[in-house]
Each structure stands twice: as C-alpha cells, then as structure tokens.
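Everything below concerns the one structure shown next.
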Amino acid sequence: MDCKMLKEIYFCHYQVQYPWIEQQMHFDTRTMYFLSKVIAWLYPQYRFEWLPLTFAKSVSSELDFVQEARNSERAAKNFRNNKIVRIPNVFWELTTRQVLTMEFYAGHKIDDLDFLSEIGVDPEKVAKSLIELFAEMIFVHGYIHGDPHPGNILVSPEGRNGFSLVLLDHAVYRELDEEFRKDFCQLWEALALKDSKKTMWLGERFGAGKYSRYLPIIFTGTTIESKYSSGMSIKEKETMKHELKSLMFEDLSLFMESMPPDFIAILRVDALLRSTIRKMDVSRLIRLLTYTKFAVYGRLRLKFDGELCKMPEMNVYFAVKAVFLNFISTLKYFHILTKILIGAIESTPWQQKVKNVQNYLYHKIGSSDLWSILVHSVFLLFCMRPAS
C-alpha cells in the first residue's frame, strides 16, 4: 500500500495494528479486573475497581483506527480557524480499522528545548499556545484529547510566529456532558476569583462533598482560604502540608470514586499539561489566566445548532448575539484578570511589584499596543479605588 492511490503526491504517516494486539488487550483487561477484585477483598479501603473498566474502554478506542480518524476530523473542524494548530488530514481511501493513513508532518516533541532554541522560538510562546489549545478543548468545545504527552504534540518550524503545533494520536477523546462543561467553567471562574462559597457549592454538585475544599489546591496550588490566586503564603503552605498528611488512602479513594468521569479525565489531561509546561519553565500564572479567559468565554458562548444556522434570519440573529456575548465575556475576563493581577502585586514584596507589572505589560500586552495598556490601566484604577 502506498500513496500512489492518491490524486496528488503526499508524504504519508502509516499506523498499522499488530494482528494479535486485540486478544492481548482482552487478556490484560481481565487480569487487571481480577487483581482489582483481590486487592479490594484484602484491603476494603481500596476503591479503584472502576479503573480496569476505564482502562478497557480507553484501550478499545485505541484499537479502532476508523474511530481515531473520525476523532481527528472532528478536532480539526473545531480548530479550523486556528492558525497555529495543525491536525493531519486523514486519507480515507487508505484507512481501515487496522490501518490508519494520515498526512505526514515533520517536527520535534514540544518539550525539546534545544530544538526550540535552534529555530529561535521562545518556549513561553509555545507553552502558551499549548495551554490555549487545551483550554479551548475543555471549556469551549467540551471535546478533549485524552493523551497530551509531549510525544503526541510536535513543534513544526513552519507557520505563524515561526512555529506550529501538530497534534497527533486521536485515539482517545472525552466528550464532556454539556451541563458539566458549564459547571466546570463556573468552577474555574470561582477559583480565579477566590470565591470559596461558589467553589464549595460547585464541588458539591460534582460530588466531591467534604473534599471540595481541596479543589483550589488541585487546580491552582492555593488553599480554599488563600486570599490571592497567585500563590500561598509560607504559613498557608505549612498548614496545608499538615492537613494533607492527615488524609488517609481511603480519602483519596473516596474522592476519586465520587467524582464524575468527566472530572477525572480533565484531572489527567491537566496533570500532563502541567508536567510539560513545567519542563519549559513557564509561569503558573500564564496557565491560570489562559484557563480563566476560556472558561469565561466557554460559559457564555452560544452552542450553535446546525439546522437553525441554515436559516438566513437565524444566522443574523446568532451572529449579533455572538458578538454581544464576546463583548460581555471580554469585559468579564478583564474584571477577573484585574483582580488576579492586583492579588499578585499585593502578595509580593514592594521591590517586586514594579517588575511584575512591567513583565506583564511586556509579555501579555506588547509594547506597541497603547490602547490595550490604557484599557488595563483604567480597569486597575477602577478596581483599586477606595471603597466608599
């Protein structure tokens, strides 16, 4: 089989399944299920019997290359207007359940810092594009790539800003429940604003119960009592360290068992992303701000209905409403952003404050965008005004 069947000449990427792999998968799954039962019997506090079932579902998805091709096309459609993200085209005439043929892209793993230095690309820009990609998946589309390790995300030295991200391995995706997606958007807004009441309320909705107080430490590295989103004080770190030490293995088991599968999927994806951006030495604040921006937009955005959009008058209605919601979400994001920045400034020694503001204006706004600087300055002055 080669690319001669295609009308044009392409470099192709082939993915061929071993003939015995499906039988091996069934054997491994049954073994895991048996072992989980034995461990649960020996140790009643062990509550991870759901893991083998999750594993089986994930692996079975990876063995169906036709489904992987469909996932790839859906993801490509979601990011068709993104100039940085590239998803290889599928050649359906050369694709079966055991053979996947896709467009070939050359590139290096996203955490290959030597390669980024060689092509003259700032790792922070690459990391920010990566965070934006997955923030849009989680908060806007509710359709998440399930395995974003560095080997599945390549940096190609072509495209806008001197690079593009190539997203590979579309075997496992998670489609979020729509109500869950909206609630998770609200949760992230609450975490960014340090709204402990709303965080606890949403945690209850997710099923976390008494463990809802740990959601901030899981996602933002702050406690439920932390005053600012930028980090914890030394005292807060010591208190949290002692509190976490008091938790038992059973507590972790109960937490994982009580949370919806969508939540667990996001936890895994977010952990992989954080591991990657940590290697790239990128500030935690970038992830916080990017997630917040997409969470605000994701909660307010329209869920377009394909049938309604076929009607011209509905197209006009949706277009006007979309512009309005974009405007509202931008204002809301600026409001949250300002609070986060003020918190970051107030929680650091005064010697660092001017430097922090300068770094923010330089990296996030750009030295030439005077209008953006003016808008941010007005918001800062408004939020810092004395309470009447």
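full-length UniProt numbering numbers the first residue of the sequence shown as 1 and each following residue consecutively. Using N, Cα and C, we set each Cβ at its ideal position, and we do this for glycine too. Note that the structure is predicted; figures quoted are calculated from it, not measured.
Test item: CB-CB of residue i and residue j under 8 Å
i: I119; j: G159; result: no
i: N78; j: H141; result: yes
i: residue 455; j: V282; result: As shown, the chain starts at 1 and ends at 388. That puts residue 455 outside it, with no answer to give.
i: S58; j: V172; result: yes
i: R287; j: I131; result: yes
i: Q17; j: F65; result: yes
i: I84; j: S129; result: yes
i: F219; j: C185; result: no
i: A192; j: I21; result: no
i: L51; j: M25; result: no
i: F294; j: A135; result: yes
i: T31; j: A56; result: no
Through-space distance from residue j to residue i, alpha-carbon basis
i: D114; j: L267; result: 29 Å
i: A69; j: D169; result: 9 Å
i: E179; j: L273; result: 24 Å
i: F104; j: A75; result: 17 Å
i: Q67; j: R97; result: 8 Å
i: F263; j: D177; result: 10 Å
i: S164; j: P150; result: 14 Å
i: C12; j: G146; result: 24 Å
i: residue 391; j: S253; result: Only positions 1 to 388 of the chain appear in this structure, which leaves residue 391 out of reach.
i: D122; j: F34; result: 48 Å
i: Y291; j: E238; result: 27 Å
i: M240; j: I340; result: 22 Å
i: L215; j: P19; result: 44 Å
i: R174; j: L244; result: 30 Å
i: N326; j: D183; result: 19 Å
i: D270; j: V38; result: 31 Å
i: K210; j: F255; result: 9 Å
i: L289; j: V99; result: 41 Å
i: S275; j: W41; result: 34 Å
i: R213; j: S226; result: 11 Å
i: Y143; j: Y46; result: 31 Å
i: A127; j: T101; result: 29 Å
i: S156; j: L94; result: 25 Å
i: H242; j: M200; result: 21 Å
i: G280; j: P148; result: The sequence as given places Met at residue 280; Gly does not occur at that position. So the alpha carbons of these two residues sit roughly 15 Å apart.
i: residue 393; j: M137; result: As shown, the chain starts at 1 and ends at 388. That puts residue 393 outside it, with no answer to give.
i: F91; j: T54; result: 30 Å
i: I277; j: E189; result: 22 Å
i: E124; j: Y43; result: 45 Å
i: N89; j: T338; result: 41 Å
i: L133; j: S117; result: 22 Å
i: G221; j: I234; result: 13 Å
i: N152; j: I217; result: 28 Å
i: E257; j: F27; result: 25 Å
i: residue 477; j: G298; result: Because the chain in this structure spans residues 1 to 388, residue 477 falls outside the shown range and cannot be described.
i: Q15; j: R181; result: 32 Å
Whole-number beta carbon distance between residue j and residue i, since they are thought to touch under 8 Å
i: G107; j: L154; result: 3 Å
i: L300; j: S329; result: 5 Å
i: L202; j: L187; result: 5 Å
i: E204; j: T223; result: Not confirmed; about 18 Å, so no contact.
i: E49; j: S36; result: 5 Å
Which residues DSSP lists as bridging residue i, in chain order
i: V166; result: R86 and L154
i: T101; result: Y14
i: K227; result: Paired residues: none, contrary to the question.
i: H108; result: V155
i: E175; result: Y143
Is there contact between the segment 189–209 and the segment 232–251, where contact requires at least three CB pairs shorter than 8 Å? no
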